[in-house]
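A quick write-up on the structure given underneath.
Residue numbers (my numbering): 33 to 231.
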């Protein structure tokens, strides 16, 4: 796991690492961080004067350490970006190919995402489901149950469920249980549809 910059002492450790790399000659070549002509002229002027030569060496050292620190930060960010991409792909695959029907709804009940099993269960195209109000998928006599479920979630109930009768895209009426909870961030409803058997 990559080191995060909010760890105590992270920048102190990075500076020590940068200074060690400079001392040992193991610092990588700068990534486009070569000194500009103005900086070189300033350093040359300071180094040429015996009174300021020490300052020039200190300044050059600080600039070198800072460049190595930037390179180390760049490497860390690249590693973290790769790890986040891999984690996202992993959890996306778990959602997409799970053997249960998952839906992500807005707090108002609009479908934000549906996995392959949900589309299969409802015999719908996943693209057609996005943005669709879930109440449009249930018969009128079951809309009250779904409305009640959404109201309970919006009123702070952590987890709840209801029974629904949904007409799928092939004309079959499915008896389903919808189990739902509000996402940890409180911005969406996470729902699982389970088939209770056709009636």
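Positions of the beta carbon are idealized from the N, C-alpha and C atoms, including for glycine.
On a predicted model such as this, the values are computed, not experimentally measured, just so you know.
Under DSSP, the beta-bridge partners assigned to residue 195 are 209. Contact between residue 221 and residue 176 is ruled out by a C-beta separation of about 18 Å, above the 8 Å threshold. Runs of the beta strand (DSSP E) spanning 3 or more residues and lying entirely within the region 119-199 occur at 133-137, 143-146 and 191-199, in chain order. Under the criterion of beta carbons closer than 8 Å, residue 225 and residue 133 qualify as touching, at roughly 4 Å.
Residue 220 sits in coil when the DSSP states are folded into three classes, being neither helix nor strand. DSSP, reduced to helix, strand and coil, places residue 80 within a helical segment of the structure shown. Under the three-state reduction of DSSP, residue 73 is assigned to helix. Taking a cut-off of 8 Å on C-beta distances, the region 38-53 touches the region 84-102, as three or more cross pairs fall below it. Under the three-pair Cβ rule at 8 Å, the region 133-144 counts as touching the region 154-169. The beta carbons of residue 170 and residue 153 sit about 14 Å from each other, so the pair does not count as a contact at 8 Å.
Within 10 angstroms of the beta-carbon of residue 135 lie 16 or more other beta-carbons, which makes it buried.
Remark: C-beta atoms of residue 130 and residue 147 approach each other more closely than 7 Å.
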